[in-house]
Amino acid sequence: MLPKSLFRPATLKGLSRSQTRYLSTRASKILSSLDLPTDTDTTIPGCFDGTSWKGSGEELISRCPATGEILGRIRGASIEETHSAIQASLEASKIVRRMPAPKRGEVVRQIREALSSKVDELGDLVSLEMGKIKSEGRGEVVEFIDICDYATGLSRSMKGNVLPSERPEHVIYENPNPLGVVGILSAFNFPVAVYGWNMTIALVTGNSTVWKPAPSTPLASIAVTKLIQPVLERNGLPAAVAALVCGGVDVGKAVVGSTDIPLISFTGSEKVGKEVGKAVQDRFGKTILELGGNNAVIVDEDADLGLALQGVLFAAVGTAGQRCTSTRRLLLHKSISSEFLSRLLKIYDSTHPTNQLLVGDPLEPSTLIGPLHNQAAVEKYEKTLAGITERGGEILTLRSGRIEGGEFGVEDKGNWVWPVVVRPSKDDECWNEEVFAPILYVREFETIEEAIEINNSVPQGLSSSLFTSNVQSMGKWLGPDGSDCGIVNVNVGTSGAEIGAGFGGNKSTGWGRESGGDAWKQYVRWSAATVNYSSKMPLAQGVNFGIQA
1 MLPKSLFRPA TLKGLSRSQT RYLSTRASKI LSSLDLPTDT DTTIPGCFDG TSWKGSGEEL
61 ISRCPATGEI LGRIRGASIE ETHSAIQASL EASKIVRRMP APKRGEVVRQ IREALSSKVD
121 ELGDLVSLEM GKIKSEGRGE VVEFIDICDY ATGLSRSMKG NVLPSERPEH VIYENPNPLG
181 VVGILSAFNF PVAVYGWNMT IALVTGNSTV WKPAPSTPLA SIAVTKLIQP VLERNGLPAA
241 VAALVCGGVD VGKAVVGSTD IPLISFTGSE KVGKEVGKAV QDRFGKTILE LGGNNAVIVD
301 EDADLGLALQ GVLFAAVGTA GQRCTSTRRL LLHKSISSEF LSRLLKIYDS THPTNQLLVG
361 DPLEPSTLIG PLHNQAAVEK YEKTLAGITE RGGEILTLRS GRIEGGEFGV EDKGNWVWPV
421 VVRPSKDDEC WNEEVFAPIL YVREFETIEE AIEINNSVPQ GLSSSLFTSN VQSMGKWLGP
481 DGSDCGIVNV NVGTSGAEIG AGFGGNKSTG WGRESGGDAW KQYVRWSAAT VNYSSKMPLA
541 QGVNFGIQA
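Each residue of the sequence shown is one higher than the last, beginning at 1 in the UniProt record's numbering.
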């Protein structure tokens, strides 16, 4: 519930008392704690080129998904300002690449300290602007902090290879060197963490970055950039090492199309990702694509049902179903399907104060499900459910659809929907489509082989999970005949990945990898160097050219 006491009247200059507009006191508190304007009539510059904040492009509106309140008006970068920021970042890359890697790691460590000093405030801003619940908002900032720790260590452990040569007194090196500028296009659902995955690894590998955030979450990106800027300058680096260009489609196209940016990391839909991939490939650039996820949980006949229930609940309704790793498909062994569904639906349908999926104010610690991000998402949710039922599917939960204002204590201008469990027909088109909403599709299977086939039958290949106590099933699931996804879990839900391993998916998810593991190797250019330390010039493969110089 969002109590009216959270709102205060603010009479704006030029308005009469009858035109008083109500602004939330907590929004003002969160914004002011991060040095962001609280007057929504003030235009906030959304372009930072390392020397100044500016913006003469389109106006972006940051709106609270829970209340519909306008949080800020941001003036995005123009195309000219975007190109200027890219050039500034390119020049900055020439300086950062000369800094020893462990020194770059020290800069990232200091960025970690800056983030830690505002972890709660940034987390609340994520909840306010994106809509995810309080613990998830804070957790996203913690994820940025964690990847800073990882990148700091990586700065002292990145290495190439030393390989033997078939030629006497020769040696072969494989050397990594910085690329230059990395373009980062992030999505609304993780407005802080995805940038963190990319920016920290790009920086320790010797690159600068240009960040183009989602147009609906510009305040989070501005707040993060304001924290990073003084850290860079304090360490003798140009602030354009972390340039920012807020904007819409035209700004995104300018970043993607720039030949001065050899690597583009894009997080978003499959449709847009395909266009990004084509555009970057057309200029022979590199991409890291993190696109759609249509993730399945398999609960086998020998699974711990209580454990599986916990894993499914968070993955299906956490972030209101707006994670790329959210569980969309629930595959239940026929022998346990009835029992598991009964336990699952009991929680979905519960109204008991201590045992319900509480929908409400994302900044209230007891809330488990916040709003969808915008009205378009609500309309997509409604359209999806209508289509499934029209094609013979069944909604299994007692409640479904839009939550109207006043119902369940939510604000009438928020983007509220009930989480639902649905049984579509087996050939329904919905099985192949990712819908960013708390809709869980259910289907039964009889053998683990059938379940794996269903898991692999969709175009996407991000995350998957098998709940089982059978080591043979686990082996099959993890092996060449198992899941074809980039994330293949056992007795863990599909969402909530840690930063230590590479994150990403296969097939139409894009084949990209970010964060930990070997992901750093994409942020460098590799060269093979053969060194001859002899006084002779033998050729490989036994070739004899037959002439002496």
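Note that CB positions come from ideal geometry on N, CA and C, so glycine has one too. These numbers come from a predicted model, not from an experiment.
Within the region 424 to 496, complete beta strand (DSSP E) segments of at least 3 residues are found at 439 to 445, 463 to 467, 487 to 490, given in chain order. In the three-state DSSP reduction, residue 418 falls in the coil class, being neither helix nor strand.
In the structure shown, residue 536 falls within a coil segment according to DSSP collapsed to helix, strand and coil. Of the candidates 242, 295, 323, 236, the residue whose Cα lies closest to the Cα of residue 268 is 323. For residue 340, the enclosing alpha helix (DSSP H) starts and ends at 337 to 349.
If you draw a 10 Å sphere on the C-beta of residue 194, you find 16 or more other C-beta atoms in it, and that means buried. In its own chain, leaving out the 5 sequence neighbours on each side, no residue places its CB closer than 6 Å to the CB of residue 386.
Annotated three-state conformation of residue 92 is helix, per DSSP. Counting along the chain, residue 175 sits inside no alpha helix (DSSP H); it lies in the beta strand (DSSP E) bounded by residues 170 to 178. Distance from residue 288 to residue 522 at the Cβ level is roughly 6 Å; contact confirmed, criterion being Cβ atoms closer than 8 Å. Around the C-beta of residue 376, fewer than 16 other C-beta atoms lie within 10 Å, and the residue is accordingly described as exposed. Remark: C-beta atoms of residue 50 and residue 243 approach each other more closely than 9 Å.
Between residue 420 and residue 294 the beta-carbon gap is near 17 Å, outside 8 Å, which marks them as no contact. Cβ-Cβ distances below 6 Å link residue 316 to 327, 440 in the same chain, with the five nearest sequence neighbours on each side left out; the list follows chain order. Distance from the CA atom of residue 39 to the CA atom of residue 219, rounded to whole angstroms, is 13 Å. Annotation: the region 217 to 241 contains the following complete segments of the alpha helix (DSSP H) (minimum length 4 residues), in chain order: 218 to 234. Between residue 368 and residue 491, the alpha-carbon positions lie close to 22 Å from each other. The beta carbons of residue 92 and residue 240 sit about 4 Å from each other, so the pair counts as a contact at 8 Å. Around the CB of residue 174, fewer than 16 other CB atoms lie within 10 Å, so the residue is classed as exposed. Taking C-beta atoms under 8 Å as the contact rule, residue 313 and residue 340 fail to qualify, at a distance of about 12 Å. Only buried fits residue 143, as 16 or more other CB atoms lie within 10 angstroms of its CB. Rounded to whole angstroms, the gap between the alpha carbons of residue 488 and residue 424 is 25 Å. Pairwise C-beta distances place the region 327 to 337 out of contact with the region 265 to 284, as fewer than three of them are shorter than 8 Å.
Around the beta carbon of residue 530, fewer than 16 other beta carbons sit within 10 angstroms, so the residue counts as exposed.
DSSP, read as helix, strand or coil, puts residue 197 in helix. Distance from the Cα of residue 397 is smallest, within the candidate group 346, 514, 291, for 346. Around the beta-carbon of residue 353, fewer than 16 other beta-carbon atoms lie within 10 Å, marking it exposed.
One alpha carbon belongs to residue 303, the other to residue 463, and they sit about 19 Å apart. In the structure shown, residue 543 falls within a coil segment according to DSSP collapsed to helix, strand and coil. Closest option to residue 363, judged by alpha-carbon separation, among 34, 64, 45: 64. In the DSSP annotation of this structure, the continuous segment of the beta strand (DSSP E) that includes residue 296 starts and ends at 295 to 299. Per DSSP, the continuous alpha helix (DSSP H) segment holding residue 154 begins and ends at 134 to 154. Residue 390: not part of any beta strand (DSSP E); member of the alpha helix (DSSP H) spanning 375 to 390, first to last residue. Apart from the 5 residues on each side of it in sequence, residue 321 sits with its Cβ closer than 6 Å to the Cβ of 437, 438 in its chain, given in chain order. Beyond the five residues adjoining it in sequence on each side, residue 32 comes within less than 7 Å, by CB distance, of 38 in the same chain, given in chain order.
Under DSSP, residue 394 forms a beta bridge with 423.
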